[in-house]
Amino acid sequence: MTTESQLSFGDLGLAPPVYKVIKEVGYETPSPIQARSIPSLLSGQDLLGQAQTGT
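Under this note's numbering, the residues of the sequence shown are numbered 72 to 126, in order.
Right under this line is the structure:
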């Protein structure tokens, strides 16, 4: 099983154009909130999330 910290954006099932842009701008690893929320959002679930900012 892949843990949250081992996920890449490629593991999240993003649409190819979205994934391409993410790679082009240099992102490789989703933040914890992205890793937890993107799969739920892509499956059509509603989501309310909260995460610390980078500051």
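Even for Gly, the Cβ is constructed at its ideal location relative to N, Cα and C.
Does the Cβ-Cβ distance between residue i and residue j come in under 8 Å?
i           : j          : result
proline 103 : leucine 83 : no
alanine 106 : leucine 85 : no
Below 8 Å on the Cβ atoms is my contact criterion, and I expect residue i with residue j to pass it. Report the Cβ-Cβ distance as a whole number of Å.
i           : j          : result
leucine 119 : serine 111 : Not quite, the Cβ-Cβ distance comes to about 11 Å (not below 8 Å), so this is no contact.
Grouping DSSP H, G and I as helix and E and B as strand, with all else coil, what is residue i?
i             : result
methionine 72 : Bear in mind that the predicted position of methionine 72 carries a pLDDT of just 49, short of 50, making it unreliable; the figure below should be weighed with that in mind. Note: methionine 72 maps to coil in three-state DSSP.
glutamate 99  : coil
alanine 106   : helix
Assign residue i to buried or exposed, taking buried as 16 or more other Cβ atoms, counted over all protein chains shown, within 10 Å of its Cβ.
i             : result
glutamine 121 : exposed
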